[in-house]
Amino acid sequence: MKKRIIYLTLTASLVAALTTTQLTSSYAATSTKNIDQQIANLKKQKADSQKTIKDAQNKIAQVKSDKQLTLREIDDLNNQLKATYAKLEQLDAELDKTEKELENQAKQLDEAETRVAKRDDLLKSRLRLIYTNGAVSYLDVLFNATSFSDFLTRLDSLQMVFNQDQEILDENKKDRDAIALKKEEVAKSLVEVQKLYDTTTALRVDLQQKEHAKEVRVAELEHQAESLEKITAEEEEKVITMAREESKLQAEKAKAAGGSSYKYSGGKFAYPLPSQVPVTSEYGSRVNPVTGQKGEFHKGIDFGAKSGTNILAAEDGVVLLASSYSGYGNCVIINHGKDKNGNEVWTLYGHIRMGGIKVSKGDKVKRGQKIAEVGSTGQSTGPHLHFEVRVNEKVVDPGPYLK
């Protein structure tokens, strides 16, 4: 009877244990399935965000191209304006010269008018004399001669008077014709210069309006670029957030399956390159070498390594991102887990050359493992490694982690 009781007790315990194991396994399977579904959803959302980022980056590139083209057009307009201002100065000088010439011609015209007036007075004087003394014909003067000698003298005198009168009339006609011609020439010259000046002035106004329109266009393009960059930054933040969530889910999945997640034990990181190279840009405020913007905050350290140099993981961890990432170009982000204070620690490796990423998202990597190769993709002026350390997603000075 006692043996039977022991047997029944053992059987019940075994059944309970098996039942518990089955329930635990069933729960783990269900939990893993749910996590996989969440991970799949995150991957889809990340893919959508990355597409939005890529579209925005393409638009930014087009906007920047349009801006550069517009700036070149503004330079062309400035050159045309300079030439136009030079032409207006030349025309101003010509107008001054023509006006002075007009003043000179006016003086000469006044002198000619004075001469004509004097001759007219002389002719009028003679007419008054004839009127006073009565009309005497040239024949009466000749036939009243007392001798042949007197006749010749009177003939010479009459001829002289006639020639003088004719000369006065000719001089008057000549001066009047010259006055009329000079007036016409100077007036025509003034009209032509004034017309050219007005045309050039209109051109200047047109160029100024075009230049203003181009400047407005540049401002619009800059606003577009800022808006697109804001969209890009927001989407990039989403990608990082989703990568973090995915990392957490992967850790939960590993835990549910009886595995373990990485924990950063603290201490010095491994140098991210096979050997020491010069630092080309420190962490902190600087002048952006690409845009020339002053006061830009540099989020990491730049190592001046040659293109193709191996990039090494600074510590054990899981790859969060292994793809193109905004101004970083081709980029790898590794999650090293939480430190002793519960802060999550990441490292970022930017500007990797095309085809130079040697790991995939989700890969587990070891300290010192090759993960990529140095390049110059993204916003870069030449081959180098951009290295960042992020704690709870916030950038921190990488220096203390490498010392």
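Using mature numbering (1 follows the signal peptide of the UniProt record, and there is no 0), the letters of the sequence shown map in sequence onto residues -28 to -1, 1 to 375.
Even for Gly, the Cβ is constructed at its ideal location relative to N, Cα and C.
Fair warning: this is a prediction, and the values are worked out from it, not measured in the lab.
Within 10 angstroms of the beta-carbon of THR281 lie 16 or more other beta-carbons, which makes it buried. Our two residues, PRO370 and LYS36, have alpha carbons roughly 32 Å apart in a direct line. Contact holds between the stretch 314 to 331 and the stretch 348 to 366, because three or more Cβ pairs, one in each stretch, are under 8 Å apart. For VAL363, the pairing in a beta bridge is given by DSSP as VAL317 and LYS366. Its Cα nearest to that of HIS308, the residue ASP288 stands out among GLN40, ASP92 and ASP288. According to the DSSP secondary-structure assignment, ARG258 is paired through a beta bridge with GLU268. If the five residues before and after ASP170 are omitted, its C-beta is found closer than 8 Å to no C-beta atom of its own chain. Between the beta-carbon of VAL304 and that of VAL290 there is about 11 Å, and that puts the pair past the 8 Å contact cut. Less than 8 Å divides the Cβ of LEU179 from the Cβ of GLN52. Taking LYS336 as the centre and dropping the five residues before and after it, the same chain places the C-beta of VAL290 closer than 7 Å to its C-beta, in chain order.
DSSP places GLU345 within a strand segment (E or B) once states are collapsed to three.
Taking the Cα of ASN313 as reference, the smallest distance to any Cα among VAL163, ASN364, THR56 and LYS146 is reached at ASN364. Approximately 16 Å separates the beta-carbon atoms of LYS160 and LEU81; this is outside 8 Å, ruling out the contact. With contacts defined by Cβ atoms closer than 8 Å, HIS270 and SER253 form a contacting pair. Inter-segment contact for the stretch 257 to 277 and the stretch 351 to 360 is present: three or more beta-carbon pairs are separated by less than 8 Å. With respect to the 8 Å criterion, LYS186 and THR56 are not classified as neighbours on the basis of their beta carbons. Distance from the Cα of ASP147 is smallest, within the candidate group GLU85, VAL190 and SER21, for GLU85. Of all alpha-carbon atoms in ARG258, ARG339, LEU245 and ILE343, the one lying nearest the alpha-carbon of VAL331 is that of ILE343.
Minimum Cα-Cα distance from ASP20 among the listed residues MET214, GLU143, VAL259 and ALA174 corresponds to MET214.
Under the three-state reduction of DSSP, THR252 is assigned to strand. Residue burial annotation: GLY301 is buried, with at least 16 other C-beta atoms found within 10 angstroms of its C-beta. In this structure, ALA28 sits away from ILE212, with a CB-CB distance that is not shorter than 8 Å.
The three-state reading of DSSP puts VAL331 in coil, since its state is none of H, G, I, E or B. Secondary structure note for GLY371: its alpha helix (DSSP H) is the uninterrupted segment 371 to 374. Between GLU208 and ILE32, the gap from beta carbon to beta carbon reaches 8 Å or more.
Looking at the DSSP output, LEU293 sits in a beta bridge with ILE305. Cα atoms of THR319 and PRO261: separation of roughly 23 Å, rounded to the nearest angstrom. Checking the DSSP bridge columns, you'll see ASP274 partnered with SER253 and HIS358. Leaving aside the five residues that flank GLN17 on each side, the residues in its chain whose CB is nearer than 8 Å to its CB run, in chain order, LYS210 and MET214.
Pairing LEU193 with ASP48 gives a Cβ-Cβ distance that is not under 8 Å. When secondary structure is reduced to three states using DSSP, GLY322 falls in the strand class. With a threshold of 16 other beta carbon atoms within 10 Å, GLN40 falls short and is exposed. When secondary structure is reduced to three states using DSSP, LEU284 falls in the strand class. For HIS184, same chain residues with a beta-carbon under 6 Å away, outside a window of 5 residues either side, do not exist. Nearest in C-alpha terms to GLU157, of all of GLN181, SER199 and ALA78, is ALA78.
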